[in-house]
Each structure stands twice: as structure tokens, then as C-alpha cells.
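Take a look at the structure set out below.
Protein chains in written order, with the numbering used here: chain A, 74 to 249; chain B, 604 to 758.
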């Protein structure tokens, strides 16, 4: 069974319980339709498990087949630098069918971020090293497609719909 | 299910079509580590499939000077269309005629279904199998095992 090789740290984007008894790490791609589906399942998991679940997202853009996955990930990081990572994350998945460079700049503006700074950061690839770091940590941990989930450090090999993920989370959730 | 060839064994040589009019032999790659990735079929209906991952990890493989080849029973024409669509930057070999002959030699053929196993081999610079792994058919193995083997091969 594949294990998460790079532990969750302060460098990660996390939401849900600040110190959840179960930690769900997703490696995902913003242009992947399966990740869009998984996104709503994960939101539902967050509502169901509340503070018991910490939700972490790491980037795994498959740039050869998804040319917009990288700029989308960089835009999310740019937003993250201003404390708005999850707002951008949710906005991208909510409008994935409209994903484009103008959409990303518009989404930055909608969050009150500077469109110009966003364009410059994408041009300079300011946030690319962070994305590459996430990607490599995923490769080394046995990420085998998008999305790939790790539950308390173990790769989840089953289906990633709500029911299966919830069952897997429940099975490792320590009793109160 | 049989066993895939184990480390220490000389990797059986083969010559397979890599395009409709070109062939590639394992011997052509001698002197560099070679990753042989047997997989069931082109056109699996997911984005992040096994080959997409290897494609994306190519810079890491190249850092080890390793060559990666995919092998399935699909024909060279099928591979060509698949590689173009998915922008794959490494060769796909057609174990097409006689069907699965190379996969059988490596213990990586599924008789009932007529497709390759998800079996991985790292062959060292001298042509010996250094590492092998067969994944459950439904579980895409990812690239971590291959990279770990390549790391160990260098030390």
C-alpha cells in the first residue's frame, strides 16, 4: 500500500478541522473532470465529519493533457499567498467548464486581488516551484492519477465517491 | 496468475513495432536503465492513467538516464493514435503478433482476458532485471516504485 511520503505541514493548504482526527489529502488537477466531481464529494465529507476531518489539497497538474491545469494551480497559489486559496479553489471547480486565462484573471479580480499582479505572476511562473514540489511529493507517494486521496497517510485505492470515501474515513476515525 | 520475472534474471530480448514501419529492440537500449511498463490497453477512460503519469514524470526518469517504454497488445496504429491524443513522449510497443508473446516471456500476460498485466520492470545497464512488480489489474501502480528502484540502481 502506498504511503504519503511528505507529511502534511504548515506549507499545505488545509481546511475543515484545524486538528482533525482524520486527515484527508487530495492530489488534484484543476482541469480534470474527475477532480471536479470529487470536489463536491469532498465538500460533502467536510460537512458530514466537521472538525473531525482536516482536508488538504496538493497540486498534481497533468499538463500534457490539461494545459490550463498549471496556470490554474499557480493562480490558486497566488490567492493562497493572500489567504484566499480555498476561495479560488472552489471558484475554479465551480466554473471548470469556463476555465481559461481570462477566467483566472477575472476570478482573481472577483476576490479583490490585482489582475495585473496575477498576470505578472503567471508570466514569471512565480508559484511554479510550489506546484512542482507538490507534484513530486505526489509521484513519490504513489499518486497514480487524479484525483488521488490519502487518508491518514495511506493511499485510498477504492472509488472516490462520497459513500466510499466516507466509509474509508469512518473506518480509521478513532472513537471519541 | 503466474509470476513476473524476478530480479537477477537477464531480461529477455525482443523486437516489437514502435510505429507501423519501425521496430525497437530491448538490446538497442543497452547501456541505460530501461523501464518496461506492461499495461492492459490503450484508451482507458480516465485522464490520470498510468501512462499519463509516466509521461508527466519523464524528466525524473531522464535524470536517471532511464528510457521508458510502454507495452500492450494494441497494434502500432492504435498506439500511434493514442500517443498523439495523449501527447505521450515515450515509445509504446505493440506486442500484437504473435499476440502477447513478449508479455508471456515476462510472466506478464493474462490468458483469460488476452491482455498484459500491469507489470513493471526496471532493467539495469547490463540488461539484467533489477526490480519487478505486478500490480493488481485494477490498481494503477503509479511511478514511486520505479523511481525508488532507479535511485537504488544508482547507488
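Glycine included, C-beta positions come from ideal geometry on N, C-alpha and C. Everything numeric in this text was worked out from a predicted model, so none of it was measured.
Query, Result
"Give the secondary structure of residue 210 of chain A by DSSP, where H, G and I count as helix, E and B as strand, and everything else as coil.", "helix"
"From the DSSP output, read off the bridge partner residues of residue 804 of chain B.", "Because chain B in this structure spans residues 604 to 758, residue 804 of chain B falls outside the shown range and cannot be described."
"Strictly by DSSP, which residues pair up with residue 628 of chain B?", "B:618"
"Are the Cβ atoms of residue 618 of chain B and residue 731 of chain B separated by less than 7 angstroms?", "no"
"Take residue 94 of chain A and list the residues in its own chain whose beta-carbon comes closer than 7 angstroms to its own, dropping the five residues that flank it on each side.", "125, 246, 247"
"Which residues in chain B have a C-beta closer than 7 angstroms to the C-beta of residue 213 of chain A? List them in chain order.", "747, 750"
"Distance check for residue 671 of chain B and residue 661 of chain B, CA to CA, integer angstroms please.", "8 angstroms"
"Can you give me the C-alpha to C-alpha distance between residue 165 of chain A and residue 698 of chain B, rounded to a whole angstrom?", "42 angstroms"
"Between A:146, A:110, A:121, which has its C-alpha nearest residue 131 of chain A's C-alpha?", "A:146"
"Is the stretch 717 to 727 of chain B close to the stretch 737 to 744 of chain B, with three or more CB pairs under 8 angstroms?", "yes"
"In three-state DSSP terms, what is residue 660 of chain B?", "helix"
"Check the Cβ of residue 230 of chain A against every Cβ in chain B and list those closer than 7 angstroms, keeping chain order.", "742"
"Are residue 623 of chain B and residue 680 of chain B close, meaning C-beta to C-beta below 7 angstroms?", "yes"
"Give the DSSP-derived three-state secondary structure of residue 238 of chain A in the structure shown.", "helix"
"Helix, strand or coil: how does DSSP classify residue 112 of chain A here?", "helix"
"Taking a contact to mean a Cβ-Cβ separation below 7 angstroms, would you say residue 645 of chain B touches residue 629 of chain B in this structure?", "no"
"I need the boundaries of the alpha helix (DSSP H) containing residue 685 of chain B, first residue and last residue.", "679 to 689"
"Residue 709 of chain B: which of B:640, B:754, B:668 sits nearest, CA to CA?", "B:640"
"So with CB distances below 8 angstroms, who are the chain A contacts of residue 655 of chain B?", "135, 137, 138, 218"
"State whether the stretch 94 to 114 of chain A contacts the stretch 186 to 205 of chain A, with contact taken as three or more CB pairs (one from each stretch) at a distance under 8 angstroms.", "no"
"According to DSSP, is residue 130 of chain A helix, strand or coil?", "strand"
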